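Engineer:
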Amino acid sequence: MRNRIFTAFALSLVVLALTAPAALAAPSAQDAPGESNLGYLLAGTLLTWAGFFAYAIYLARKNRDLRREVEDLRRLLGERE
Amino acid sequence: MTTADAAPAKGGTGIWRLGLLLVAGVLVLIDMYLIFGYAPTERSMGIVQRLFYFHVPVILTSFLSFALAALGSVLYLVRRNRAWDRLAYASAEVGVVFFTSAIITGAVWAKPVWNTWWVWDANGTLTFVLWLIFIGYLMVRAYAPDAERGRRWSAVTAIIGAATVPFVYMAADWWGGLHPERVTGPGAQGSLEREMLLTLLFSFVTFIVLFAALIAERYALRSDEDAIEELRLAAA
Chain A
1 MRNRIFTAFA
11 LSLVVLALTA
21 PAALAAPSAQ
31 DAPGESNLGY
41 LLAGTLLTWA
51 GFFAYAIYLA
61 RKNRDLRREV
71 EDLRRLLGER
81 E
Chain B
1001 MTTADAAPAK
1011 GGTGIWRLGL
1021 LLVAGVLVLI
1031 DMYLIFGYAP
1041 TERSMGIVQR
1051 LFYFHVPVIL
1061 TSFLSFALAA
1071 LGSVLYLVRR
1081 NRAWDRLAYA
1091 SAEVGVVFFT
1101 SAIITGAVWA
1111 KPVWNTWWVW
1121 DANGTLTFVL
1131 WLIFIGYLMV
1141 RAYAPDAERG
1151 RRWSAVTAII
1161 GAATVPFVYM
1171 AADWWGGLHP
1181 ERVTGPGAQG
1191 SLEREMLLTL
1201 LFSFVTFIVL
1211 FAALIAERYA
1221 LRSDEDAIEE
1231 LRLAAA
């Protein structure tokens, strides 16, 4: 459950990163000087959140692996006792 | 140590960490609106300047993280309490994630503005050195001949790394280069419009909360790793 929430959080960050710059920073008359730089803004935003997304996935996987290992070790110790 | 002592923390202790993560998620949503919908577009750089609201809070948060890693390291060396080492490790690892993100946003922002991805001036060089020091921290932990020596060696590495932070922060002021003058924080020379300043402050709060959520998560995982190590020894 916890891992699913964590993964959902990370995924929502990526979706947000993909959609928000294009939707909200659409070029207007005011934006004219930097209009051609939308790609850089999109790339910067996407890379930022992709980094946090990858780290969140890494933590979630590590959490899952540790839980499994604890169960294995408990079983092993239980069998010995 | 008994099996029960070594068991990873779970249940109620995880609720507040999950809560912190959810708060971070909500703040990120509001922050994205402020960055792309509320903050005005800067006149000379145009929309790419909005990367400023990622780059500055993320790099300041990474500095905070490295300072926390050094504090945890000093306290571990003095008191030999593993809890301080766990704080130092969590701060260093999360700090590397934030700092790498700051380097990437800086490079992506530099390309359209300076027409280059990276400049080896004082700021760029010291930034790279600081990044290498904390990558070194993680490598020492991974490859030290035994855990105790890994903890001690990495603690020294974190202290050296944190001592580099003020030089990175002040590099543009002291040695010049392409990096622009700071517009916020101690010793800042520039100024910001009210909407820009509000967005920057909110962005800073957002990344601090995200940082706290990730630190709490990584600290708990580190505790679990230590507990498993003890269980392994008991099972051997």
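Residue numbers (this note's numbering), protein chains in the order written: chain A, 1 to 81; chain B, 1001 to 1236.
Beta carbons: idealized from backbone N, C-alpha and C, even for Gly.
Source: prediction; values computed, not measured.
1) In the DSSP output, what is B:E1217 paired with across the bridge?
2) Between the region 1071-1089 of chain B and the region 1113-1125 of chain B, do at least 3 Cβ pairs fall closer than 8 Å?
3) For A:E83, go through chain B and note every residue whose CB falls closer than 8 Å to its CB, in chain order.
4) Using the three-state DSSP reduction, which class does B:G1176 fall into: helix, strand or coil?
5) DSSP three-state label for B:V1042, please.
6) What are the residues in the region 1092-1107 of chain B lying within 7 Å of chain A by C-beta distance?
7) Is it buried or exposed for B:I1103, if we count other Cβ within 10 angstroms and need 16 for buried?
8) Whether or not the region 1226-1235 of chain B and the region 1038-1046 of chain B are in contact is what I'm after, with contact meaning three or more pairs of Cβ atoms, one per stretch, closer than 8 Å; do they touch?
9) Please identify, using Cβ separations under 7 Å, the residues of the region 1111-1141 of chain B that lie next to chain A, in order along the chain.
10) Which residues in the same chain as B:R1286 place their Cβ atom closer than 6 Å to its Cβ, once the five residues preceding and following it in sequence are excluded?
11) Output the distance between the C-alpha atoms of A:D31 and B:G1046, rounded to the nearest integer angstrom.
12) Round the Cβ separation of B:T1127 and B:L1051 to the nearest angstrom and send it over; I've been treating them as touching at under 8 Å.
13) Could you tell me if B:G1095 is buried or exposed, where buried requires 16 or more neighbouring beta carbons within 10 angstroms of its beta carbon?
14) B:A1067 and B:V1205 - do their beta-carbons sit closer together than 8 Å?
15) Alpha carbon to alpha carbon, how far is A:G39 from B:A1088?
16) Going along chain A, which residues have a C-beta under 8 Å from B:W1109?
Structural biologist: Reading off the structure:
1) Residue mapping note: residue 1217 of chain B aligns to position 217 of the second sequence, counting from 1. Answer by DSSP bridge pairing: none, since B:E1217 is not bridged.
2) When C-beta atoms of the region 1071-1089 of chain B are compared with those of the region 1113-1125 of chain B, fewer than three pairs fall below 8 Å, so the two segments do not count as touching.
3) Lying outside 1 to 81, the shown extent of chain A, residue 83 of chain A is not represented and no answer is given.
4) Taking the first residue of the second sequence as 1, we reach residue 1176 of chain B at position 176. Here B:G1176 carries a coil assignment [DSSP, helix/strand/coil].
5) Residue numbering aside, residue 1042 of chain B sits at position 42 when the second sequence is read from its first letter. The displayed chain sequence assigns Glu, not Val, to residue 1042 of chain B. DSSP, read as helix, strand or coil, puts B:E1042 in strand.
6) Cβ contacts with chain A: V1097, T1100, S1101, I1104 and T1105.
7) Position 103 of the second sequence, counting from 1, holds the residue named residue 1103 of chain B. Buried, by the Cβ-count rule.
8) No: the two stretches stay apart, fewer than three of their Cβ pairs being nearer than 8 Å.
9) Residues of the region 1111-1141 of chain B that bring their beta carbon within less than 7 Å of a beta carbon in chain A comprise K1111 and P1112, in sequence order.
10) Given that chain B is displayed from residue 1001 to residue 1236, the structure contains no residue 1286 of chain B and the question cannot be resolved.
11) Here residue 31 of chain A refers to the residue found at position 31 of the first sequence. Here residue 1046 of chain B refers to the residue found at position 46 of the second sequence. With a pLDDT of only 48 at A:D31, under 50, the local geometry of the prediction cannot be trusted, and no value is derived from it.
12) Walking along the second sequence from the start, residue 1127 of chain B turns up at place 127. Walking along the second sequence from the start, residue 1051 of chain B turns up at place 51. At roughly 16 Å, the Cβ-Cβ gap does not stay under 8 Å, so B:T1127 and B:L1051 are not in contact.
13) If you number the second sequence from 1, residue 1095 of chain B lands on position 95. Classification for B:G1095: buried.
14) What you label residue 1205 of chain B is simply residue 205 of the second sequence in a count that begins at 1. What you label residue 1067 of chain B is simply residue 67 of the second sequence in a count that begins at 1. At a Cβ-Cβ threshold of 8 Å, B:V1205 and B:A1067 do not count as neighbours.
15) Counting from one through the first sequence, the residue named residue 39 of chain A turns up at place 39. Counting from one through the second sequence, the residue named residue 1088 of chain B turns up at place 88. Between A:G39 and B:A1088, the C-alpha separation is close to 37 Å.
16) Along the second sequence, read from residue 1 onward, the residue named residue 1109 of chain B stands at position 109. What B:W1109 touches in chain A: Y40 and G44.
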